[in-house]
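Enquirer: Residue 442 is where the sequence shown starts when you use my numbering, and the numbers rise one by one after that.
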Amino acid sequence: MGLHKILKLIVGIVGIVALVVAGMVWANNEAIVGGDSQNLVDIMILLAWIVIGIAVILVAIFVIKGLFSGNAKNTLIGAGAFLLVVAISYFAASGAEEVAMKDGEILSASGSQWVSAGINAFFILAAVAIVLMVISGAKKLVNK
Numbered sequence: 442m443g444l445h446k447i448l449k450l451i452v453g454i455v456g457i458v459a460l461v462v463a464g465m466v467w468a469n470n471e472a473i474v475g476g477d478s479q480n481l482v483d484i485m486i487l488l489a490w491i492v493i494g495i496a497v498i499l500v501a502i503f504v505i506k507g508l509f510s511g512n513a514k515n516t517l518i519g520a521g522a523f524l525l526v527v528a529i530s531y532f533a534a535s536g537a538e539e540v541a542m543k544d545g546e547i548l549s550a551s552g553s554q555w556v557s558a559g560i561n562a563f564f565i566l567a568a569v570a571i572v573l574m575v576i577s578g579a580k581k582l583v584n585k
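1) So the alpha helix (DSSP H) residue 537 belongs to, where does it begin and stop?
2) Tell me, to the nearest whole angstrom, how far the beta carbon of residue 558 is from that of residue 530; I am working on the premise that it is less than 8 Å.
3) Between the region 539 to 548 and the region 563 to 574, can you find at least three pairs of beta-carbon atoms closer than 8 Å?
4) Considering only C-alpha positions, which residue in the set 546, 487 and 452 is nearest to residue 462?
5) Could you check the C-alpha separation between residue 585 and residue 448 for me, to the nearest Å?
6) Going by the DSSP bridge assignment, what does residue 547 pair with across the sheet?
7) With a 10 Å radius around its C-beta and 16 neighbouring C-beta atoms as the bar for buried, classify residue 528 as buried or exposed.
8) Given a threshold of 16 other Cβ atoms within 10 Å of its Cβ, counted over all protein chains shown, does residue 515 qualify as buried or as exposed?
9) For residue 578, which of helix, strand or coil comes out of DSSP?
10) Would you kindly work out how many angstroms separate the C-alpha atoms of residue 577 and residue 534, rounded to a whole number?
11) Does the separation of the CB atoms of residue 504 and residue 562 fall below 8 Å?
12) Residue 523 to residue 496, Cα distance in whole Å?
13) Skipping 5 residues on each side, what residues in its chain have a beta carbon closer than 8 Å to that of residue 499?
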C-alpha cells in the first residue's frame with residue numbers, strides 16, 4: 442500500500458471521528474451553553490491534539506526524507522540562512538530587563554531576549570517572504 446493511500450485512510454478516519462464528535466456537540470448544544478458538557482469539549486481537545494501530533498510527525502518524516510533525497514548543498518544553505526536570521530534577531534533583540542507576567546511570575550532577561558528575538562525573526566522572515574512574492578509576481582508580469 443502506497444504512502445498516499447495510507448495518508449488518505451488516516452485523513453478519512455480522523456475526519457469521520459471529528460464528524461461524530463462534532464455531531465455529539467451539536468446535539469447537546471443546550472448542555473454546552475449551560476456549561477454541563479465538559480466531557481465533549483475534552484474529546485474535541487484530545488482530537489485536536491491527535492491531529493496536531495499526526496501533522497507534526499508527518500512533517501518531520503517528509504522533512505527528513507527531503508534532506509536525504511535532495512541536494513545537500515541547498516539544504517545546508519537554507520538551514521544556514523535561517524540560523525543567520527535567528528542570530529541577527531537575537532543580537533538585535535532587547536532583553537536587558539525582567540518582565541512581570543500576568544500570573545505574577547517574572548520572565549528572566551534571557552527569556553525576554555529570546556521572546557523578542559522570536560518576534561524579530563518572524564518579522565524578518567515575513568518581510569523576506571513578501572518581497573520574494575512581489576518579485577516573483579513582477580517577473581511573471583514582465584515575462585507576459
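Glycine included, every Cβ here is placed at the ideal spot set by N, Cα and C.
Computed from a prediction, not measured in an experiment: that's the story for all the values here.
Expert: So, to answer that:
1) Segment: none, residue 537 is in no alpha helix (DSSP H) and carries neither H nor E.
2) 4 Å
3) no
4) 487
5) 39 Å
6) 541
7) exposed
8) exposed
9) helix
10) 31 Å
11) no
12) 22 Å
13) 448
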